[in-house]
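There are 2 protein chains.
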Amino acid sequence: MADVARAAGVSHQTVSRVINGSPNIRPSTRERVESAIRELGYRPNTAARALVTRRSSTIGIISTGSGLYGPNSIHRTIEDAARSAGWFAGSVSLATVTASTLTDAIDHLLRQAVEGIVMIAGQVEALELVSHQDFGVPFVVVEGDLSKATNVVGVDQQAGAYAATAHLVELGHTRIAHVRGPRSWTEADARETGWRDALADSGLAPGTLLHGDWSARSGYAAGRTLVADTDTTAVFVANDQMAIGLLRAYHEGGRPAPRHVSVVGFDDTPEAEYLQPPLTTVRQDFVEVGRRAIAFLDAGIKGVEPHLERLVSPDVILRASTARPFRPEATA
Amino acid sequence: MADVARAAGVSHQTVSRVINGSPNIRPSTRERVESAIRELGYRPNTAARALVTRRSSTIGIISTGSGLYGPNSIHRTIEDAARSAGWFAGSVSLATVTASTLTDAIDHLLRQAVEGIVMIAGQVEALELVSHQDFGVPFVVVEGDLSKATNVVGVDQQAGAYAATAHLVELGHTRIAHVRGPRSWTEADARETGWRDALADSGLAPGTLLHGDWSARSGYAAGRTLVADTDTTAVFVANDQMAIGLLRAYHEGGRPAPRHVSVVGFDDTPEAEYLQPPLTTVRQDFVEVGRRAIAFLDAGIKGVEPHLERLVSPDVILRASTARPFRPEATA
DNA sequence: TTAAATGGTGCGCAATGCCAA
DNA sequence: ATTGGCATTGCGCACCATTTA
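This is the structure we're talking about:
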């Protein structure tokens, strides 16, 4: 900075003013300083600035559930939203979520003096661990459960599940099963609740409930079980990956969708449209979720109230994996 | 730090020595200082340290091709490897790669005084843009082309494609088509070359070559074209997502795999095993790629020669989407 | 006594904010 | 209304002083 000041014939202080857009600078001076900056290829030293301002302009992102479509997509959009808002985003991806890995991750970020943390996690353990602590910086949880933590931003899972189930009901299905996500995920709980509520509101009894782990493998296992139950004519699966496995199990079992079973997924992964059959699923607007996560964090850091809804509403995307129930007696 | 020194009854210098693991500290003193650190919840100020050491301990990751399985997976493993190696990883995800978005991204990172940059990009434009410049910090390209840039780490795409094609040849296929990735991606080029070489080495003429864009949609389009050509009995598809679309097109066309066509993908996404039929594909060891990327960056930063292979060898995973060619005349 | 081990002092890193010119 | 000077931020290093074997 001293070099720039010398080149422009001003004090280093004036250079600082130009950089920070102070209003009280004569245009000619500003011009001189700016051209000196350009010529010298000068870049302000972030460390020095952080030291004196006590602001790092950095936020941390903790992401869990790597490999899954949803968390991954959200991670990207949050990074992007952070950069647009002028933050430097540092991230930590956790393969497994335990008290110790999570604590380490938070510690890693806090050491870097992040001004806020966004955690993408739906596991109950993670939520409980962070909700009882104060890290000294704003903390926003994405895809968690509103009832389990305070600063949550995400998609209205329950509404999405409700709409997906309602779609199956409208088609005329009366025995609608659900393959849910793992026990410890709040999203899995919310989707199950949506399914349950939609059935109750239609006067239907809950169908079979099976547990998966989000993987195609577990969806396949669930499908193997369900395919034997010919009373069940529709399945709401908690994510697209499991739906892939389930579709295959039904196909193998000689009862392919949508003729023998209607299937709805959740996520709308890019390939959902090209599965056999194309998958009816629930689309979540991850870009909007990312934007809101950063908006909430921003508000927390600035200490103001954010005026934004916490939950984004998802949409059901209709495709060929759902149809009216097949009634052998009707066609016979 | 002054507080810690006071609490432990030593000078701030001694505290600094303890934190940085200086050998010349009496165990009892070290113990006193450490407990003071714990009690006060003291965390060294990264900015101050960076200022004086002129080292940020931060590296930058630029990732392109978000949404694709490969780049996403690699991103995670690099982040993880970086943290294990003591680096703070900041990342920038680029939705589109142009000279300006890439320059912005690099600038964003350089402003944070990153000590090195890892770029996950296979697009020729990106490689060309960075290979003619010196950013003042080590720069490693992941998944690029060894011939296009110097510091490249990745999977041996060509070998993987060669093995995949050779597998089809061994099964007895003689007309083997290829659905490649977009024109501007070096990985797409390498996979095409591997396909071409394997055919040439077997004395076979190249089959039909179609271009896709990595999406299931484009694979579906390619499949619609290929399914009409009954001479082609096998297709090597440059990634699993396109293979999904292609499988569907063949299914719709009444020529399902593996009976009428053998299909090999590339990536081994988690759901590949549960497609209809389960997809034979090429698995890449992303964890190893991430580790090596950081190892190379580390070496570059320390100014030493890395003693590691740049390319990781992939494996062909055999599943049900490939089989011996179907010969109507033989069964008739 | 010498040599090794340990602790203390003050400066400088690169920026910003306040106050004075 | 502009511009400059001085103090300040938290830490590490060079250097010096002191204790211990």
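So the sequence lines, in the order shown, correspond to chains A and B. Under full-length UniProt numbering, the first residue of the first sequence is numbered 1, with each subsequent residue one higher. Under full-length UniProt numbering, the first residue of the second sequence is numbered 1, with each subsequent residue one higher. The C-beta atom is built at its ideal place from N, Cα and C for all residues, glycine as well.
C-beta atoms of Val-312 of chain B and Met-242 of chain B nearer than 8 Å: The answer is no: Cβ separation not under 8 Å.
Within chain B, partners of Glu-271 of chain A - CB distance below 7 Å: Chain-order list of chain B residues neighbouring Glu-271 of chain A: Ala-216, Gln-241, Ile-244, by C-beta distance under 7 Å.
Boundaries (first-last residue) of the beta strand (DSSP E) holding Met-119 of chain A: Per DSSP, Met-119 of chain A is one residue of the beta strand (DSSP E) stretching across 117-120.
7 Å Cβ cut-off: residues of chain B touching Ser-91 of chain A: Ordered by position in chain B, the residues that pass the 7 Å Cβ test against Ser-91 of chain A are Glu-79, Ala-89, Ser-91.
Pick from A:Pro-206, A:Val-153, A:Thr-269, A:Gln-276 that is closest to Gly-67 of chain B, judged by C-alpha positions: For the set A:Pro-206, A:Val-153, A:Thr-269, A:Gln-276, the Cα lying nearest the Cα of Gly-67 of chain B is the one of A:Thr-269.
Element boundaries [alpha helix (DSSP H), containing Leu-318 of chain A]: Segment: none, Leu-318 of chain A is in no alpha helix (DSSP H) and carries neither H nor E.
Cβ pair count under 8 Å reaching 3, the stretch 110-128 of chain A against the stretch 46-65 of chain B: By the Cβ criterion, the stretch 110-128 of chain A is in contact with the stretch 46-65 of chain B, since at least three pairs of Cβ atoms, one from each stretch, lie closer than 8 Å.
Beta-carbon separation (whole angstroms), Val-155 of chain B vs Gln-284 of chain B, contact threshold 8 Å: Rounded, the Cβ-Cβ distance is 4 Å, consistent with contact.
Close beta carbons around His-167 of chain B, own chain, < 6 Å, minus the five adjacent residues each side: For His-167 of chain B, where only same-chain residues beyond five positions count, the Cβ hits under 6 Å are Val-316.
Endpoints, the beta strand (DSSP E) within which Gly-289 of chain A is located: Sequence inspection shows Val at residue 289 of chain A; the Gly mentioned does not correspond to that position. For Val-289 of chain A, there is no enclosing beta strand (DSSP E); the residue is part of the alpha helix (DSSP H) that begins and ends at 286-302.
Sheet register partners of Ser-16 of chain A (DSSP bridge): According to DSSP, Ser-16 of chain A bridges with nothing at all.
Asp-240 of chain B to Ile-244 of chain A span [Cα, whole Å]: Their Cα atoms are separated by approximately 14 Å.
CB contact flag (Gly-254 of chain A, Val-237 of chain A, <8 Å): Going by beta carbons, Gly-254 of chain A and Val-237 of chain A fall outside the 8 Å limit.
Beta-carbon spacing of His-75 of chain A, Ser-57 of chain A below 8 Å: Cβ distance not < 8 Å, so His-75 of chain A and Ser-57 of chain A don't count as in contact.
Complete runs of the beta strand (DSSP E) confined to the stretch 134-168 of chain A [at least 3 residues]: 139-142, 152-155, all fully within the stretch 134-168 of chain A.
Below-8 Å beta-carbon distance, Thr-96 of chain B vs any chain A residue: Contact of Thr-96 of chain B with chain A is not assigned, every C-beta pair being separated by 8 Å or more.
Other residues of its chain near Leu-40 of chain A: CB distance less than 8 Å, five sequence neighbours each side excluded: Apart from the 5 residues on each side of it in sequence, Leu-40 of chain A sits with its Cβ closer than 8 Å to the Cβ of Asp-3, Val-4, Ala-7 in its chain, given in chain order.
CB contact check: His-211 of chain A to chain B, cutoff 8 Å: By this cut-off, His-211 of chain A is not an interface position.
Buried or exposed by the 16-neighbour rule on C-beta atoms within 10 Å, applied to Gly-21 of chain A: Looking at its Cβ environment, which holds fewer than 16 other Cβ atoms inside 10 Å, Gly-21 of chain A is exposed.
Alpha-carbon spacing of His-251 of chain B relative to Gly-136 of chain B, whole angstroms: About 53 Å.
Cβ-based burial, Thr-230 of chain B [other Cβ within 10 Å; buried from 16]: With fewer than 16 other beta carbons inside 10 angstroms of its own, Thr-230 of chain B counts as exposed.
Through-space distance from Gln-13 of chain B to Asn-24 of chain B, alpha-carbon basis: Rounded to whole angstroms, Asn-24 of chain B and Gln-13 of chain B show a C-alpha spacing of 12 Å.
Straight-line Cα distance separating Arg-17 of chain A from Thr-53 of chain A: Taking the Cα positions, Thr-53 of chain A is about 14 Å away from Arg-17 of chain A.
Residues from the stretch 109-126 of chain A in contact with chain B, defined by Cβ distance under 7 Å: Residues passing the 7 Å Cβ filter: Leu-110, Arg-111, Gln-112, Ala-113.
Buried versus exposed call for Pro-258 of chain B [16 or more other C-beta atoms within 10 Å across all chains shown]: The residue is buried, with at least 16 neighbouring Cβ atoms inside 10 Å.
Entirely enclosed alpha helix (DSSP H) segments - the stretch 165-246 of chain A, minimum 4 residues: Those alpha helix (DSSP H) runs which fall completely within the stretch 165-246 of chain A and span 4+ residues are 186-201, 216-226.
Short CB-CB distance (under 8 Å) between Ala-85 of chain B and chain A: Residue-level contact check: Ala-85 of chain B does not touch chain A, since none of the beta carbons of chain A fall below 8 Å from its beta carbon.
Touch test, the stretch 170-190 of chain A against the stretch 201-210 of chain A, Cβ-Cβ under 8 Å, three pairs minimum: Counting Cβ pairs under 8 Å, three or more are found: they touch.
Rounded Cβ spacing between Ala-249 of chain B and Trp-195 of chain B (contact assumed at less than 8 Å): With a beta-carbon spacing of about 19 Å, Ala-249 of chain B and Trp-195 of chain B fall beyond the 8 Å limit used to define contacts.
Three-way DSSP call (helix, strand, coil) for Arg-283 of chain B in this model: Note: Arg-283 of chain B maps to strand in three-state DSSP.
Interface flag, Thr-331 of chain B vs chain A, CB-CB below 8 Å: Confidence at Thr-331 of chain B is low in this model, with a pLDDT of 47, below 50, so the placement of that residue should be treated as unreliable; the coordinate-derived value is given next. By this cut-off, Thr-331 of chain B is not an interface position.
CB contact check: Val-103 of chain B to chain A, cutoff 8 Å: Sequence check: residue 103 of chain B is Thr here, not Val. Not closer than 8 Å to any Cβ of chain A, the Cβ of Thr-103 of chain B fails to qualify, so no.
Under 8 Å by beta carbon: chain A residues contacting Tyr-274 of chain B: Here the neighbours are Ala-216, Arg-217, Gly-219, Tyr-220, Ile-244, Gly-245, Arg-248.
Buried or exposed (CB count within 10 angstroms, at least 16 for buried), Arg-38 of chain B: Under this definition Arg-38 of chain B is an exposed residue.
Local conformation of Ser-131 of chain A per DSSP, three classes: It is helical.
Chain B residues whose Cβ lies nearer than 8 Å to that of Leu-51 of chain A: Listed along chain B, the residues sitting closer than 8 Å to Leu-51 of chain A by beta-carbon distance are Asn-45, Ala-47, Ala-48, Leu-51.
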